[in-house]
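Worksheet: the structure to be examined is printed underneath.
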Amino acid sequence: MRAICYSIKDFEAPYLEKANSGKHFIFFEKEPLVTATAHLAKGFDSVIIFTGDDASQGVLEQLHGYGVKYIALRSAGYDNVHLETAHRLGLKVANVPAYSPYAIAEHTVMLMLALNRKLLTAHTQVQQFNFSLSGLTGFDLNGKTAGIIGTGHIGSVASKLLHGFGCNLLGYDIQKNQMLEQAFGMRYTSLNELFANSDIITIHTSLNATTRNLVNHNSISKMKDGVMLINTSRGAVVDTAAVIEGLKSGKIGSFGMDVYEHEKGLFFYDHSGEILQDDMLARLMVFHNVIITPHQAFLTREALTNIADSTIENLDCWKQGKANGNEL
Ligand code: NAD
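Rendered as structure tokens:
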């Protein structure tokens with residue numbers, strides 16, 4: 017199998033090389049897959065892509081025209097792939113469904129704790145020889161109500177961790193997970209009930225037509241005053257402009273985001289030295305009660321190992337004509 021791996025980063029190439037151990041010819045390309053770079057896939061059987069790559073209708077048609085047959089995602093989320101087009105063209109697509117839900121769930125809890133205990137402010141103050149405690153008051157997680165929107169792989173681990181802190185759990189998902197109800201006392205509710213009763217809301221749904229802008233002006237108005245909101249799922253699940261309004265009014269007490277609606281081309285790259293053009297991001301960056309991480313929740317050694325192993329397994333299956341359980 018000849019594969020071109022778009023958007024490759026220095027930190028992940030060694031993991032892919034190790035997993036591949038010379039079985040397939042993989043060309044590492046730093047550029048992302050977009051209309052202008054699709055031609056680089058000429059002569060390859062498969063393309064390997066990540067979340068910031070564009071596998072929309074037009075790009076898939078280009079790839080198909082160049083003879084590409086397989087699309088292997090190095091991610092769980094596949095909202096960047098126009099699946100109907102892929103199916104129509106006979107392109108096979110596979111993802112890495114659960115490479116490490118722990119990585120993302122742990123990062124989620126890290127954002128909660130850092131926001132709650134004003135970690136970044138405290139660190140900055142101490143570096144300036146300011147050991148004052150003013151403004152650093154947080155709250156006990158124990159006994160608080162956490163609303164988990166999306167209780168799949170990552171939402172389940174987040175639920176377990178928050179149960180460990182003594183939180184009461186409210187869940188919202190189109191598919192209930194009985195294990196969470198039995199083991200951690202999760203109570204599934206309507207979205208409105210979750211909004212109205214949660215001190216902390218954390219989002220772990222996939223991004224699709226029904227979850228796009230699920231958190232918007234209307235839903236924010238139903239939340240508790242001072243609610244903590246965390247999004248490590250996909251940026252567009254929240255309407256960022258509405259969140260900014262919520263932060264300005266104090267309705268949202270703090271916001272932790274690992275993903276951003278307009279992150280494509282921005283996150284994963286070093287833009288220091290450039291002039292920031294994104295006014296929405298600029299506004300988010302100056303709130304003292306917002307923490308932004310650059311889509312790094314997945315970034316653990318274990319996750320990178322599993323992503324690489326599953327990606328190569330997906331190529332192996334296609335090469336050998338075997339059934340592939342990760343196909344979408
Ligand atoms: P998953 O498929 O296991 O879980 C997603 C859950 O969302 C499912 O239980 C599904 O039923 C639910 N869902 C789908 N549509 C819904 C709707 N309309 N209303 C309510 N629930 C709905 O996925 P996962 O692996 O747990 O990933 C969760 C999210 O995290 C995805 O958006 C994924 O893209 C994102 N993710 C982020 C990172 C990161 O580094 N920040 C890494 C991996 C995954």
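Going by my numbering, the first residue of the sequence shown is number 17, and it counts up by one from there. C-beta atoms are modelled at their ideal positions from N, C-alpha and C, and glycine is treated no differently.
Sheet register partners of residue i (DSSP bridge)
i: residue 185; result: 162
i: residue 273; result: 247 and 308
i: residue 112; result: Answer is none; residue 112 lacks a bridge partner.
i: residue 343; result: 110
i: residue 203; result: 186
i: residue 218; result: 164 and 246
i: residue 56; result: None, per the DSSP bridge assignment.
i: residue 18; result: 41
i: residue 268; result: 243
i: residue 63; result: 20 and 87
i: residue 71; result: 97
i: residue 254; result: 231
Inter-residue spacing [alpha-carbon to alpha-carbon] between residue i and residue j
i: residue 248; j: residue 275; result: 6 Å
i: residue 222; j: residue 69; result: 17 Å
i: residue 137; j: residue 301; result: 14 Å
i: residue 230; j: residue 220; result: 12 Å
i: residue 146; j: residue 282; result: 34 Å
i: residue 331; j: residue 83; result: 16 Å
i: residue 37; j: residue 335; result: 15 Å
i: residue 269; j: residue 135; result: 15 Å
i: residue 324; j: residue 88; result: 11 Å
i: residue 124; j: residue 158; result: 17 Å
i: residue 187; j: residue 204; result: 4 Å
i: residue 418; j: residue 308; result: Beyond the ends of the chain as shown, which are 17 and 344, falls residue 418; an answer cannot be given.
i: residue 191; j: residue 224; result: 15 Å
i: residue 141; j: residue 148; result: 8 Å
i: residue 131; j: residue 151; result: 12 Å
i: residue 170; j: residue 293; result: 32 Å
i: residue 297; j: residue 303; result: 11 Å
i: residue 179; j: residue 78; result: 48 Å
i: residue 321; j: residue 265; result: 43 Å
i: residue 319; j: residue 42; result: 20 Å
i: residue 271; j: residue 244; result: 6 Å
Check: residue i C-beta below 7 Å from any heavy atom of the ligand NAD
i: residue 222; result: yes
i: residue 171; result: yes
i: residue 188; result: yes
i: residue 214; result: no
i: residue 352; result: With the chain covering only 17 through 344, there is no way to say anything about residue 352.
i: residue 154; result: no
i: residue 274; result: yes
i: residue 90; result: no
i: residue 249; result: yes
i: residue 42; result: no
i: residue 311; result: yes
i: residue 211; result: no
i: residue 191; result: yes
i: residue 114; result: yes
i: residue 168; result: yes
i: residue 268; result: no
i: residue 48; result: no
i: residue 314; result: yes
i: residue 93; result: yes
Length at least 3, wholly inside the segment 286-338: the beta strand (DSSP E) runs in chain order: 306-308
message: Runs of 4 residues minimum, wholly inside the segment 83-142: which ones carry the alpha helix (DSSP H) assignment?
response: 99-105 and 117-132
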